[in-house]
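Residue numbers for the sequence shown follow the working numbering, beginning at 2 and rising by one. A quick write-up on the structure given underneath.
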Amino acid sequence: MKRIIFSISFFFMSCIFLAASAGASEDRATQITKDVLSGPGSIEIKTDKEVLMSFGARARLIPVSESDFDFGIEDNLKPPFALLGGALDPGFFKVHANESGWINNNYIRNETQIYFNALPETRAWSFYAALEFDRPMDNSSADERGGRDYKTSNFGLERLHGTFKLPMNMRLHGGYDIWGMDIIDGGGLVYGDDNPGFWLTGDYDTFSFNAGVFKMYDSNWGTADNINTLGGKNSDRDLFAGYMTFKPEEGQKIQPFYAYDRIRSVQTGTFLDYLMGKKGVKPETDSHHIGSYYTGSFGMMELFLEGVYQFGKADNTGFAQDDFDISAYAFSADLALKLDDAVGFGVKPHIGFQYTSGDDDPTDNKLEGYNGVTNAQRFSQYFGGENTIIGDTNLVLGSALYGYLPELYGNGTPVFTGGLQNFAGSGNGRGDNPGLTMTSVGITVTPKVFLIFKSNVNSFWWNEDILVTSFANPAINTMVEAGYTGTEWDNEVTLATSKNSFIKTHFSLFFPGETIEDVTSALTSLAPTLPGAESDETAMRLGMEFIWMF
């Protein structure tokens with residue numbers, strides 16, 4: 002799932018400019034680009050058929066400079082301390098993964114998308130597709146058509162979305178496009194991604210619905226070099242999910258949801274197990290999420306509330322308990338004030354929180370560390386942003402891409418109960434994770450229609466103790482107590498130079514707390530009497546975005 006928040010923010014900003022300059026007539030291009038069935042792209046293609054067509058593109062050049070994403074581990078790693086006896090580079094914990102690949106320090110990311118849309122005037126069907134290239138830039142990625150070499154280009158079909166009109170104001174959708182239950186105006190606690198599947202929608206006077214089945218992982222196909230390792234028909238990961246949306250009054254929204262995550266393809270084990278090539282078993286895991294969220298406007302006040310319960314079973318895990326019950330929960334809330342009328346321009350301060358339960362006992366048969374189907378806090382408009390340090394994968398903080406939860410850590414029973422499929426099997430999504438408490442305060446200021454400033458201060462606490470295995474000596478395990486993890490301060494300035502071009506500036510800092518000092522020491526311990534150094538350097542990310550979108 003890529004760049005959701007930014008695409009939508011660009012869309013609304015473009016709408017502001019269009020509203021100021023649009024003429025009275027509505028041409029065919031306007032018809033298709035404003036239709037909910039089509040994707041981005043505002044350039045009309047003339048046809049003799051009764052089919053509306055358009056295309057468009059978005060290019061983003063993103064120079065980034067990072068420092069101390071490992072909070073100083075590399076600087077403090079002196080002989081005889083080394084990561085896996087020197088098999089890992091001392092700067093290993095600075096490396097992190099985002100949509101463009103595995104990166105660290107300084108790089109220039111290029112994400113380019115090309116959009117194609119088709120829609121008949123009858124709206125009987127629709128088609129949308131997007132080509133994408135997303136890689137850091139240097140000579141090799143340019144000359145090798147987008148990869149470090151000819152085998153690693155990621156240029157291809159990023160979006161495919163077709164629909165059929167059905168009776169009773171319903172539509173059948175197929176392909177892979179953004180589908181989420183609680184992203185953008187939710188807390189990102191349950192699911193938002195672009196996994197392939199089929200889904201059915203219906204839109205009525207007082208409510209709408211959206212329900213689908215999505216293929217997260219299919220073990221029944223491969224290439225010529227692995228045809229002997231294809232799985233059985235019950236060895237996949239499938240998602241069955243849906244939600245209903247009620248709007249009882251203007252400015253009010255209630256969205257209950259349910260998701261069944263059927264997991265048969267993800268091995269147990271820690272991130273270190275994955276690096277060392279240790280293979281765990283693949284349990285039979287059934288994870289369910291049920292919950293709801295609410296958004297409402299009351300004059301100058303905007304309120305958001307969300308609650309989720311995760312339950313299910315994980316059987317045949319290979320651990321002493323073998324079979325586990327999944328029982329976890331999460332809450333999120335935010336309160337914002339629109340001070341536009343009082344100040345004379347856009348000013349919106351907010352205060353919010355998020356809480357996810359953690360596992361407090363490695364000896365029982367319960368997995369109480371909450372995980373969403375995907376952890377997607379980065380895509381919540383209240384707390385998120387693509388410029389975050391914690392939401393761009395951080396191996397010290399234990400977070401995987403898009404999420405803020407410490408899902409790479411736990412207390413001893415690393416069973417996958419949910420999480421981003423791209424990382425599945427590498428130690429993410431642990432049902433024994435410690436859980437997270439987050440507080441958030443921030444402000445969005447819009448002094449001009451073309452200028453937006455956003456600042457957020459998110460503070461984090463882990464709710465339960467974790468067991469950390471040393472990367473210097475994997476025989477050493479250290480218990481790290483729950484507590485204050487740190488505070489991240491994220492800042493973003495957006496300047497619209499036109500309705501189709503934007504410049505952004507990012508500035509983010511993560512100030513580590515006592516828990517991270519203990520974690521960095523535990524990660525580099527050689528012996529119980531020879532702990533690693535406590536690292537507490539402030540992580541920093543500086544970046545800009547140059548964006549063209551039409």
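Glycine included, each C-beta is placed from N, C-alpha and C at the ideal position.
* To do: Mind the definition here: the region 95-103 touches the region 389-402 only if three or more C-beta pairs lie below 8 Å; say whether that holds.
  => Contact between the region 95-103 and the region 389-402 is present, because at least three Cβ pairs lie under 8 Å.
* Asked: the ligand SAH heavy atoms versus the CB of methionine 169: any closer than 6 Å?
  -> Within the structure as shown, the ligand SAH is missing, as the structure has no ligands at all.
* **glutamine 378 versus alanine 331 - alpha carbon distance** => What you label residue 378 is simply residue 377 of the sequence shown in a count that begins at 1. What you label residue 331 is simply residue 330 of the sequence shown in a count that begins at 1. The straight-line gap from Cα to Cα measures roughly 12 Å.
* What's the C-alpha gap between aspartate 206 and serine 127? -> Within the sequence shown, residue 206 is the residue found at index 205, counting from 1. Within the sequence shown, residue 127 is the residue found at index 126, counting from 1. Annotation: aspartate 206 to serine 127 spans about 23 Å, alpha carbon to alpha carbon.
* To do: Mind checking who glutamate 307 pairs with in its DSSP beta bridge?
  => On the sequence shown, residue 307 is found 306 positions in, with the first residue counted as 1. The bridge partners DSSP lists for glutamate 307 are Tyr294 and Ser333.
* Asked: Quick one, which of Met541, Asp139 and Gly188 has its alpha-carbon nearest glycine 373's?
  -> For the purposes of this step, residue 373 is identified with residue 372 of the sequence shown, where counting begins at 1. Out of Met541, Asp139 and Gly188, the CA that lies nearest to the CA of glycine 373 is found in Gly188.
* **Cutoff 6 Å; reference phenylalanine 134; Cβ partners in own chain excluding five residues on either side** => Walking along the sequence shown from the start, residue 134 turns up at place 133. Cβ within range, chain order: Thr113, Gly147 and Phe156.
* To do: Report the three-state DSSP secondary structure of asparagine 457 (helix, strand or coil).
  => Numbered from its first residue, the sequence shown carries residue 457 at position 456. It is a strand residue.
* Asked: Would arginine 136 be called buried (16 or more neighbouring beta carbons within 10 Å of its own) or exposed?
  -> On the sequence shown, position 135 is the one that residue 136 refers to. Note on arginine 136: 16 or more other CB atoms within 10 angstroms of its CB, so buried under the neighbour-count rule.
* To do: For my contact list, alanine 315 and phenylalanine 325 are in at a C-beta cut-off of 8 Å; report their separation, rounded to the angstrom.
  => Reading the sequence shown from its first residue, position 314 is the one you call residue 315. Reading the sequence shown from its first residue, position 324 is the one you call residue 325. 4 Å between Cβ atoms; contact.
* **Contact between the region 431-442 and the region 356-374 (3+ Cβ pairs under 8 Å)** => Segments in contact, yes.
* **Cβ neighbours of glutamate 482 in the same chain (closer than 6 Å, five flanking residues each side left out)** => Sequence index remark: in the sequence shown, residue 482 carries index 481 (1-based). Spatial neighbours of glutamate 482 in its own chain (CB-CB distance under 6 Å, excluding positions within 5 residues in sequence) are listed in chain order as Asp466.
* To do: Determine the extent of the beta strand (DSSP E) in which isoleucine 46 is found, giving its start and end residues.
  => Numbered from its first residue, the sequence shown carries residue 46 at position 45. Secondary structure note for isoleucine 46: its beta strand (DSSP E) is the uninterrupted segment 44-46.
* Would you identify the three-state DSSP class for leucine 421, choosing helix, strand or coil? => In the sequence shown, residue 421 corresponds to position 420, counting from 1. The three-state reading of DSSP puts leucine 421 in coil, since its state is none of H, G, I, E or B.
* To do: Please look up how many angstroms separate the CB atoms of glycine 573 and glycine 213, rounded, as I've assumed it's under 8 Å.
  => Nothing can be reported for residue 573, as the shown portion of the chain is limited to 2 through 551.
* Asked: Once you ignore the five residues that flank arginine 238 on each side, which residues in its own chain have a CB closer than 6 Å to its CB?
  -> Indexing the sequence shown from 1 puts residue 238 at position 237. Met217, Tyr218, Ile264 and Ser266.
* **Segments assigned beta strand (DSSP E), at least 3 residues, entirely inside the region 246-284** => You should have 253-264.
* Asked: How about glutamate 538 and phenylalanine 511: do their beta carbons lie closer than 7 Å?
  -> Mapped onto the sequence shown, residue 538 falls at position 537. Mapped onto the sequence shown, residue 511 falls at position 510. Taking 7 Å as the Cβ cut-off, glutamate 538 and phenylalanine 511 do not qualify as a contacting pair.
* Please go through the region 123-205 and give each complete alpha helix (DSSP H) segment of 4 or more residues, from N-terminal end onward. => Contiguous alpha helix (DSSP H) elements confined to the region 123-205 occur at 140-144, taking only those with 4 or more residues.
* Asked: Nearest to asparagine 317 by alpha carbon, out of Phe551, Leu276 and Pro284?
  -> Position 316 of the sequence shown holds residue 317. It is Pro284 whose Cα lies nearest to the Cα of asparagine 317.
* Asked: Taking three-plus beta-carbon pairs below 8 Å as touching, is the region 62-69 in contact with the region 524-534?
  -> Fewer than three beta-carbon pairs drawn from the region 62-69 and the region 524-534 are found closer than 8 Å, and the two stretches are therefore not classed as touching.
* Would you report the Cα separation of asparagine 464 and proline 435, rounded to the nearest angstrom? -> As a working note, residue 464 is residue 463 in the sequence shown. As a working note, residue 435 is residue 434 in the sequence shown. Cα to Cα, asparagine 464 sits roughly 6 Å from proline 435.
* Asked: Going by other Cβ atoms of all chains shown within 10 Å of its Cβ, with 16 needed for buried, is serine 509 buried or exposed?
  -> Along the sequence shown, read from residue 1 onward, the residue named residue 509 stands at position 508. Residue environment for serine 509: buried (at least 16 other C-beta atoms within 10 angstroms of its C-beta).
* Asked: Is valine 374 helix, strand or coil by DSSP?
  -> As a first step, residue 374 must be located in the sequence shown, where it is residue number 373. The answer is coil: DSSP assigns valine 374 none of H, G, I, E or B.
* To do: Spatial neighbours of proline 532 within its chain, please: CB distance less than 6 Å, with the 5 preceding and 5 following residues excluded, ordered by chain position.
  => As a working note, residue 532 is residue 531 in the sequence shown. Only Ser522 and Ser526 meet the Cβ criterion.
* Skipping 5 residues on each side, what residues in its chain have a beta carbon closer than 6 Å to that of glycine 57? -> Numbered from 1 along the sequence shown, position 56 holds the residue referred to as residue 57. For glycine 57, the CB contacts under 6 Å within the same chain, skipping 5 residues up- and downstream, are Pro41, Gly42, Ser43, Ile44, Tyr116 and Phe551 in chain order.
* Asked: Do glutamate 307 and alanine 337 have their C-beta atoms within less than 7 Å of each other?
  -> Walking along the sequence shown from the start, residue 307 turns up at place 306. Walking along the sequence shown from the start, residue 337 turns up at place 336. In this structure, alanine 337 does not lie closer than 7 Å to glutamate 307 by Cβ.
* From glycine 514 to proline 407, what does the alpha carbon distance come to, in whole angstroms? -> Looking up residue 514 in the sequence shown gives position 513. Looking up residue 407 in the sequence shown gives position 406. Each residue's CA atom was taken as its position, placing glycine 514 and proline 407 some 14 Å apart.
* Terminal residues of the alpha helix (DSSP H) in which alanine 523 lies -> If you number the sequence shown from 1, residue 523 lands on position 522. Segment 515-524, the alpha helix (DSSP H) holding alanine 523.
* Reduced DSSP category for asparagine 395 - H, G, I as helix; E, B as strand; rest coil -> Along the sequence shown, read from residue 1 onward, the residue named residue 395 stands at position 394. In the three-state scheme derived from DSSP, where H, G and I count as helix and E and B as strand, asparagine 395 is classed as strand.
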